[in-house]
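Numbering (UniProt numbering), first residue to last: 1 to 160.
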């Protein structure tokens with residue numbers, strides 16, 4: 001059961017976009033931006049408030065890859081594994097990050113909810129391969145050591 005504040009914030013978001021079916025995607029985007037994922041309970045609440053069937057809301061949420069029902073960390077790391085990045089050794093970058101953060105084997109998010117690693121097909125920066133993004137900030141020409149160094153810098157910034 002979610003706290004009441006989740007529903008209150010969702011009501012604010014719905015009010016901002018209007019309680020109509022055409023507001024479904026912007027409402028879901030804003031809810032996900034607020035909580036770093038789309039809680040299933042809120043999807044049902046949103047569908048009810050917008051007057052659409054839950055099945056329709058669920059089909060939209062599962063169709064678009066950007067929506068997630070799983071909580072994500074404060075820092076979402078996307079490692080490109082498209083052709084250019086793969087050829088230029090993105091796999092060792094991913095492996096170094098997973099090892100350093102204790103992730104892999106189906107576990108994408110650290111227990112402290114600080115980091116989530118996602119493997120993506122393309123980040124559209126092939127000339128900078130291998131590439132990773134952290135919360136949409138592009139980090140070009142990655143090496144395993146550089147990737148781990150960036151993570152350590154983020155951790156240090158959290159401790160200050």
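Glycine included, each C-beta is placed from N, C-alpha and C at the ideal position. It should be emphasised that the depicted structure is a prediction, and the values quoted were computed from it without experimental measurement.
Closest residue to residue i among the options (Cα-Cα distance)
i           : options              : result
residue 89  : 108, 100, 63 and 126 : 126
residue 20  : 51, 103 and 100      : 51
residue 13  : 1, 46 and 37         : 46
residue 62  : 80, 158 and 39       : 39
residue 136 : 152, 148, 118 and 5  : 118
residue 155 : 128, 124 and 112     : 112
residue 2   : 24, 143 and 41       : 41
residue 65  : 49, 98, 48 and 25    : 25
residue 35  : 144, 149 and 10      : 10
residue 145 : 107, 106, 98 and 116 : 98
residue 87  : 141, 107 and 77      : 141
Under 7 Å between C-beta atoms of residue i and residue j
i           : j           : result
residue 43  : residue 57  : yes
residue 182 : residue 93  : As shown, the chain starts at 1 and ends at 160. That puts residue 182 outside it, with no answer to give.
residue 134 : residue 75  : yes
residue 121 : residue 82  : yes
residue 109 : residue 101 : no
residue 157 : residue 114 : no
residue 80  : residue 128 : no
Inter-residue spacing [alpha-carbon to alpha-carbon] between residue i and residue j
i           : j           : result
residue 30  : residue 55  : 20 Å
residue 139 : residue 132 : 5 Å
residue 104 : residue 147 : 16 Å
residue 69  : residue 15  : 23 Å
residue 28  : residue 151 : 29 Å
residue 91  : residue 8   : 42 Å
residue 49  : residue 5   : 16 Å
residue 116 : residue 71  : 9 Å
residue 84  : residue 96  : 19 Å
Bridge-paired residues (DSSP) for residue i
i           : result
residue 118 : 78
residue 139 : 132
residue 10  : Its beta-bridge partners do not exist; DSSP assigns none.
Closer than 7 Å to chain C by CB, residue i
i           : result
residue 145 : Among the chains of the structure shown, chain C does not appear; only one protein chain is present.
- Output the residue ranges of the alpha helix (DSSP H) runs that lie fully inside the stretch 35 to 74 and measure 4 residues or longer, sorted by chain position. 40 to 50 and 54 to 63
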